[in-house]
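Chains as they are written, first to last, in this note's numbering: chain A, 3 to 631; chain B, 10 to 263.
Below: the structure, in structure tokens.
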Amino acid sequence: MRIESREQFEALRTETRAQDEAQPRKVLVCCGTGCLATGSRQVAEAFAREVASRGLDVEVGLRVRTTGCHGFCERGPLVAFQPEGILYTKVKAKRVPEIVEKTIVGGEVIPGLLYKNPADNQRIEQYREIPFYKHQVRVAMRNIGHIDPTDITDAIAHDAYAGLAKALFEMAPDEVIEEVAASGQRGRGGAGFNTARKWRSCKNAPGDRRFVLCNGDEGDPGAFKDRSIMEGDPHSVLEGMIIGAYALGAHEGFIYVRDEYPLAVVNLQIAIAEARKLGLLGTNIMGSGFDFDLRISRGGGAFVCGESSALMRSLEGKIGEPRAKYVHSTEKGLFDLPTVLNNVETWAGIGAIIHHGGAWFAAMGTEKSKGTKAFSLVGKVKNTGLIELPMGTTLRHIIFDIGGGILNDRPFKAVQTGGPSGGCVPEGLLDLPVDYERLTEAGSMMGSGGMIVMDDRTCMVDVARYFLAFLTEESCGKCVPCREGLTQMLAIYDNLIEGRGADGDIERIERLARAMQLGSLCELGKSAPNPVLSTLKYFRSEYEAHIRDHACPAGICRALTAYEIMADACDGCHLCFKACPTDAIEGIIKELHVIHQDACISCGACFDVCPTQAIRTFPKVERAVEEVV
Amino acid sequence: MPTLTVNGRTVTVADDACILDACRAAGVHVPTLCNFDGLEPWGGCRLCVVDMSLAGWDDDWFKMVTACNHPVSDGMTVVTDSERVLETRRVVLDLLLARCPETPLIQRLAREHGIDRTSFRVNPEPTDCILCGLCTRVCDHIGVSAIASVNRGWGREIAPPFHEAPPDCIGCLACAEICPTDCIPYEDSPTRRRIWGKDFEMLRDPKTGEAVITRAQAEHFAERSGVPMSYFESSDRSKRRELAKTVEALRVVK
Numbered sequence: 003m004r005i006e007s008r009e010q011f012e013a014l015r016t017e018t019r020a021q022d023e024a025q026p027r028k029v030l031v032c033c034g035t036g037c038l039a040t041g042s043r044q045v046a047e048a049f050a051r052e053v054a055s056r057g058l059d060v061e062v063g064l065r066v067r068t069t070g071c072h073g074f075c076e077r078g079p080l081v082a083f084q085p086e087g088i089l090y091t092k093v094k095a096k097r098v099p100e101i102v103e104k105t106i107v108g109g110e111v112i113p114g115l116l117y118k119n120p121a122d123n124q125r126i127e128q129y130r131e132i133p134f135y136k137h138q139v140r141v142a143m144r145n146i147g148h149i150d151p152t153d154i155t156d157a158i159a160h161d162a163y164a165g166l167a168k169a170l171f172e173m174a175p176d177e178v179i180e181e182v183a184a185s186g187q188r189g190r191g192g193a194g195f196n197t198a199r200k201w202r203s204c205k206n207a208p209g210d211r212r213f214v215l216c217n218g219d220e221g222d223p224g225a226f227k228d229r230s231i232m233e234g235d236p237h238s239v240l241e242g243m244i245i246g247a248y249a250l251g252a253h254e255g256f257i258y259v260r261d262e263y264p265l266a267v268v269n270l271q272i273a274i275a276e277a278r279k280l281g282l283l284g285t286n287i288m289g290s291g292f293d294f295d296l297r298i299s300r301g302g303g304a305f306v307c308g309e310s311s312a313l314m315r316s317l318e319g320k321i322g323e324p325r326a327k328y329v330h331s332t333e334k335g336l337f338d339l340p341t342v343l344n345n346v347e348t349w350a351g352i353g354a355i356i357h358h359g360g361a362w363f364a365a366m367g368t369e370k371s372k373g374t375k376a377f378s379l380v381g382k383v384k385n386t387g388l389i390e391l392p393m394g395t396t397l398r399h400i401i402f403d404i405g406g407g408i409l410n411d412r413p414f415k416a417v418q419t420g421g422p423s424g425g426c427v428p429e430g431l432l433d434l435p436v437d438y439e440r441l442t443e444a445g446s447m448m449g450s451g452g453m454i455v456m457d458d459r460t461c462m463v464d465v466a467r468y469f470l471a472f473l474t475e476e477s478c479g480k481c482v483p484c485r486e487g488l489t490q491m492l493a494i495y496d497n498l499i500e501g502r503g504a505d506g507d508i509e510r511i512e513r514l515a516r517a518m519q520l521g522s523l524c525e526l527g528k529s530a531p532n533p534v535l536s537t538l539k540y541f542r543s544e545y546e547a548h549i550r551d552h553a554c555p556a557g558i559c560r561a562l563t564a565y566e567i568m569a570d571a572c573d574g575c576h577l578c579f580k581a582c583p584t585d586a587i588e589g590i591i592k593e594l595h596v597i598h599q600d601a602c603i604s605c606g607a608c609f610d611v612c613p614t615q616a617i618r619t620f621p622k623v624e625r626a627v628e629e630v631v
Numbered sequence: 010m011p012t013l014t015v016n017g018r019t020v021t022v023a024d025d026a027c028i029l030d031a032c033r034a035a036g037v038h039v040p041t042l043c044n045f046d047g048l049e050p051w052g053g054c055r056l057c058v059v060d061m062s063l064a065g066w067d068d069d070w071f072k073m074v075t076a077c078n079h080p081v082s083d084g085m086t087v088v089t090d091s092e093r094v095l096e097t098r099r100v101v102l103d104l105l106l107a108r109c110p111e112t113p114l115i116q117r118l119a120r121e122h123g124i125d126r127t128s129f130r131v132n133p134e135p136t137d138c139i140l141c142g143l144c145t146r147v148c149d150h151i152g153v154s155a156i157a158s159v160n161r162g163w164g165r166e167i168a169p170p171f172h173e174a175p176p177d178c179i180g181c182l183a184c185a186e187i188c189p190t191d192c193i194p195y196e197d198s199p200t201r202r203r204i205w206g207k208d209f210e211m212l213r214d215p216k217t218g219e220a221v222i223t224r225a226q227a228e229h230f231a232e233r234s235g236v237p238m239s240y241f242e243s244s245d246r247s248k249r250r251e252l253a254k255t256v257e258a259l260r261v262v263k
């Protein structure tokens, strides 16, 4: 069937919705990349088999749906039951017959599969009551987890393309831009440029041919929001791009997806094929007379291709290197033609903004940062996963209420936001409301929405070195400050963590950082010093300890740290003995254990397993002194 | 025709000029490494950074940009010698000196900026290649693209595909001649030329016997221009002789 008019579309919407309501009983199995890795495909298949063999699909209209990422990756595979709203975590395929028998047929909840709140050890039945979900407000991720991303009718039943129909039949292109302007939405890729301003600037550029592009080259360590959106609700991305193309008068689009996201590519391909079949993509969309089609382009694995000008060069088939953007890509972008490039999450929000109105979106968030923002919450936090929250939510709320606090209740040390271009925010700023300006003021940035939580067992010099090593690997090498500067800076950091730090190193780092910020060609180089400068700003004493005392205060840098067992705290449980990879620990069960320093490689495995915290770290230099004595 | 000031001097330049053109028109020297008249500016060496303020910006608000590829506009203010500009150039040269400690051009430029020794770790495998990209860009410009940059970051280098003799190379030596540090080796004799591991047959002028051009290059240009091969294989001397003969013949007629 091809939709030829708005009436036909509305009829299809009513029909799909009625179908959905007629069969309210659903088993939603998360098949996002995280849950797939823990075996959710087998769980989904087991449910389908079990439900079919009992005839439940026919008798009570029960449907088993594989959905995109539910977000709570820490507890996967996740299975939700509707309309009851029950969420089971860590579901294994072998337990499926029991679940079908008890929960679906018997209406009985299996307590062992429910989420246990670490705060009070209570099991929580309703997924909406789980703190991780309770505080979220989802716009870009509105349908993820509720729909089967490979079934367009499921998406349409959940309001997909309703915003498109409104734009095409009720609004002039300029009115669409005005509505987006009213929403105040800013780019979700990190820089936070106003979406409507970007569109207007492209629209005002001379020329008949223009492009809309979607940046799905998310490459920051610890970030996966764009992946989850493309996997879990590809139609939200398509809808946003079609609306944008209509507003701009563009007829061609590309989605640039990194090749490491195979499921995103497959789900997008299915979505595009289904949308074309229904006449939502291609010529004469919904009978409106507007033509637009798009293609997927897969990246080749270079982080820098997430930078707009490099992405466009890569799309053109050239080497993916940035170029000067003194003339904006909205005027001279892909093939030197006017181009709008927006992030996956930005596009995913557009359909909802048009459907509900710009004012609805602008009512959420802070003065300058409107709406909601998706974050990938990872690191040393109890509830890792994908969340979406109104702008202005404090870091403390995100980490302690939604994230459930620090793993093993260790002390919080810092949170790294914005990926390798971002910075580390210390404990003193935990009450910072998260928006573009506040994060920048704190020396970090919004970036792609990655949040890496760190506990006291984190050396900030080591963290800065990690991001530097990543960027040194990913710098394209076109400009001198980035290519040579990163390499030299990494060499200084290698000295610091190896105990070869020297006076003047901090000054050398700061001098390089400033030249890189001012002199680099693209944002990769310009923002590369952020992790360095923010750790220097908030944790300078750790740098000084590495240089002056050749000690790592956090006890992480292996060349500087030694371990020993405290006699009064060791209960002889023998766990450290088993964990030690070099057999450096000696001891009999229920007796005091001892670490042989000459065999110890300071890996920290014993420290991490010790249940009585009987192991302490101390600077290796002290050990050397003891040996001399 | 926009009018702007460079270090306080007022200049008027063409609409499509870049800041570097304006600096030259004002008689202000700005050092460059990866820029070459006739090739599209690239903005890779970052040596030509200047401070720039557009008309309408706050007086003390400057943005650091590269002069080689930033377009000029009316009322623009350019400062080429602010402390942060000079310091950025110094760091760039300090870094290049660490990469290319034995390269005379870099040593000279560094010295001119007050750097005798690099303050960074010296490259354990010194090279003369500063990765300015001139060789690959001139090769692209000629329409050959036989060489390109490969790998990224610190591992970036200029090479033919798969480090093998490049099938598309015409042996024109443009890459070697444009190289500011003379780091592309080649061998040349009246009968044979060798560059990037590929051997070329030389065409000799039929009259003077001089080795003029490789056969591959003559064929490349003949094909693209429609001019006969015989034009390319005659040497400059030979062409001048022909011209002199023609002029002489004209005089006789007169």
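For every residue, glycine included, the Cβ atom is placed at its ideal position computed from N, Cα and C.
Coil, strand or helix - residue i by DSSP
| i | result |
| --- | --- |
| A:Asn345 | strand |
| A:Gly322 | coil |
| A:Lys384 | coil |
| B:Leu3 | As shown, chain B starts at 10 and ends at 263. That puts residue 3 of chain B outside it, with no answer to give. |
| A:Ala249 | helix |
| A:Arg412 | coil |
| A:Lys370 | coil |
| B:Ile13 | Per the sequence shown, the amino acid found at residue 13 of chain B is Leu instead of Ile. B:Leu13 falls in the strand class under three-state DSSP. |
| A:Arg202 | helix |
| A:Asp433 | coil |
| A:Asn497 | helix |
| A:Gly479 | coil |
Beta-bridge partners of residue i, as assigned by DSSP
| i | result |
| --- | --- |
| A:Leu215 | A:Phe256, A:Leu343 |
| B:Ser154 | B:Ser154 pairs with nothing; no bridge assigned. |
| A:Gln84 | A:Lys28 |
| B:Arg99 | Beta-bridge pairing links B:Arg99 to no other residue. |
| B:Cys54 | The partner list for B:Cys54 (beta bridge, DSSP) is empty, contrary to what the question assumes. |
| B:Asp137 | In the DSSP output, where bridge partners are listed per residue, B:Asp137 has none listed. |
| B:Met73 | B:Asp60 |
| A:Phe620 | A:Ala564 |
| B:Ile167 | B:Ser158 |
| B:Arg33 | None, per the DSSP bridge assignment. |
| A:Pro392 | A:Thr374 |
Nearest candidate by alpha-carbon position, reference residue i, set the options
| i | options | result |
| --- | --- | --- |
| A:Arg516 | B:Cys181, B:Val100, B:Glu196 | B:Val100 |
| A:Gly224 | A:Leu388, A:Ala354, A:Gly335 | A:Leu388 |
| A:Glu347 | A:Tyr248, A:Asp59, A:Phe337, A:Gly234 | A:Gly234 |
| A:Leu115 | A:Ile106, A:Gly109, A:Glu127 | A:Glu127 |
| A:Gly1 | A:Val342, A:Asn196, A:Leu280 | As displayed, chain A neither begins before 3 nor continues past 631, which places residue 1 of chain A out of reach and without an answer. |
| B:Cys184 | B:Ala157, B:Phe241, B:Arg130, B:Asp68 | B:Ala157 |
| A:Leu343 | A:Val60, A:His358, A:Gly420, A:Ala312 | A:Ala312 |
| B:Asp25 | B:Ser82, B:Ala258, B:Ala107 | B:Ser82 |
| A:Asp505 | A:Lys28, A:Tyr565, A:Ala547, A:Ala304 | A:Ala547 |
| A:Ile591 | A:Ala607, A:Asp573, A:Cys605, A:Gly606 | A:Asp573 |
(request) Could you name the residues of the region 509-525 of chain A whose beta carbon sits closer than 9 Å to any beta carbon of chain B, in the order they occur along the chain? (result) Arg510, Arg513, Leu514, Arg516, Ala517, Met518, Leu520, Gly521, Ser522, Leu523
(request) Would you list, in chain order, the members of the region 473-485 of chain A that have their beta-carbon closer than 8 Å to a beta-carbon of chain B? (result) Thr474, Glu475, Glu476, Ser477, Cys478, Gly479, Lys480, Cys481, Val482, Pro483, Arg485
(request) Would you list, in chain order, the members of the region 61-80 of chain B that have their beta-carbon closer than 8 Å to a beta-carbon of chain A? (result) Met73, Val74, Thr75, Asn78, His79, Pro80
(message) Tell me which residues of the region 116-133 of chain B have at least one Cβ-Cβ distance to chain A shorter than 8 Å, keeping chain order.
(response) So the close ones are Ser128, Phe129, Arg130.
(message) Using a Cβ-Cβ cutoff of 9 Å, what residues of the region 334-362 of chain A are near chain B? List them in chain order.
(response) Identification of residues in the region 334-362 of chain A having a C-beta nearer than 9 Å to some C-beta of chain B yields an empty set.
(request) Could you name the residues of the region 304-327 of chain A whose beta carbon sits closer than 8 Å to any beta carbon of chain B, in the order they occur along the chain? (result) Ala304, Val306, Ile321, Arg325, Ala326
(request) Taking only beta carbons into account, state which residues of the region 25-52 of chain B come closer than 7 Å to chain A, listed in chain order. (result) The region 25-52 of chain B vs chain A, Cβ under 7 Å: Gly52.
(message) If contact is defined by three or more beta carbon pairs under 8 Å, each pair taking one atom from either stretch, is the region 296-308 of chain A in contact with the region 258-267 of chain A?
(response) yes
(message) Three Cβ pairs or more, each shorter than 8 Å: is that satisfied between the region 214-224 of chain A and the region 175-182 of chain A?
(response) no
(request) May I ask you to verify whether the region 161-179 of chain A touches the region 209-221 of chain A, counting CB pairs closer than 8 Å and requiring at least 3? (result) no
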